[in-house]
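In this note's numbering, the protein residues as written are 541 to 720.
All C-beta atoms, glycine included, are put in the ideal place defined by N, C-alpha and C.
Here the structure is a predicted model, which is why all the values come from computation and not from measurement.
All remarks here apply to the structure that follows.
In structure tokens form, the structure reads like this:
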């Protein structure tokens with residue numbers, strides 16, 4: 541019972557297209573310094589790469605003929621990973637920070653909430669300003685609306701209103717996002 545090894549096509553597809561894995565009849569070869577070597581067969585280009593102790597790497601398979609470059613694949617892979625790490629580092633996900641208060645807030649406490657909201661907005665996060673009602677306080681929702689409008693006005697140089705003040709159950713909330 542002689543079994544031949546089964547080649548998993550999916551796993552083969554995920555591997556990088558370098559050296560012998562390049563399966564095209566003709567390719568456009570590019571040298572180490574970016575000079576055009578012309579249209580060659582992959583075998584000829586691979587022979588040239590091996591003479592220099594380098595790899596033949598498929599750069600673009602969308603072009604006609606596909607573009608391959610002679611380079612050190614280990615170094616190329618490291619550079620690609622380094623670029624991806626840098627891109628992830630620079631990427632900032634905007635979190636939603638919440639500033640909670642009551643409609644009967646003292647002036648100093650209000651200023652603390654505004655300063656916190658300003659700090660969050662400057663760091664690129666969105667701010668959800670929430671006013672909570674207890675018991676019969678819900679009757680004074682107009683005072684809460686005025687307070688949220690005042691907060692939006694105080695933060696207008698760093699924020700824009702993404703969601704206008706609205707009531708949700710026992711809360712009134714407004715969403716602010718940083719100005720571009």
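- The beta carbon of residue 692 is closer than 6 Å to those of 701 in its chain, skipping five residues each way along the sequence.
- The alpha carbon of residue 683 has as its nearest neighbour, out of 564, 711, 594 and 596, the alpha carbon of 711.
- Within the same chain, 666, 668, 702 and 703 come within 7 Å of residue 715 by CB-CB distance, once the 5 residues on both sides are set aside.
- Under a 10 Å Cβ-count criterion, residue 671 is classified as buried, with 16 or more other Cβ atoms of the shown protein chains found around its own Cβ.
- Just measuring C-alpha positions, the residue of 661, 639 and 562 sitting nearest residue 598 is 562.
- Taking the Cα positions, residue 600 is about 15 Å away from residue 620.
- The C-beta of residue 639 has 16 or more other C-beta atoms within 10 Å across all chains shown, which makes the residue buried.
- The stretch 640-647 makes no contact with the stretch 605-613; the number of CB pairs closer than 8 Å stays below 3.
- Look at residue 671 here: in three-state DSSP terms it is strand.
- Exclusion of the five residues before and after residue 579 leaves 566, 567, 568, 569 and 605 as the residues of its chain whose Cβ lies within less than 8 Å of its Cβ.
- Within a 10 Å sphere around the beta-carbon of residue 618 sit fewer than 16 other beta-carbons, which makes this residue exposed.
- Of the candidates 673, 584 and 664, 664 places its Cα closest to the Cα of residue 633.
- Partner residues in a beta bridge of residue 663, as assigned by DSSP, do not exist.
- Residue 557 holds the alpha-carbon nearest to the alpha-carbon of residue 616 among 587, 557 and 685.
- Excluding residues up to 5 positions away in sequence, 568, 599 and 600 lie with their Cβ nearer than 6 Å to the Cβ of residue 607 in the same chain.
- Per DSSP, residue 598 is one residue of the beta strand (DSSP E) stretching across 595-600.
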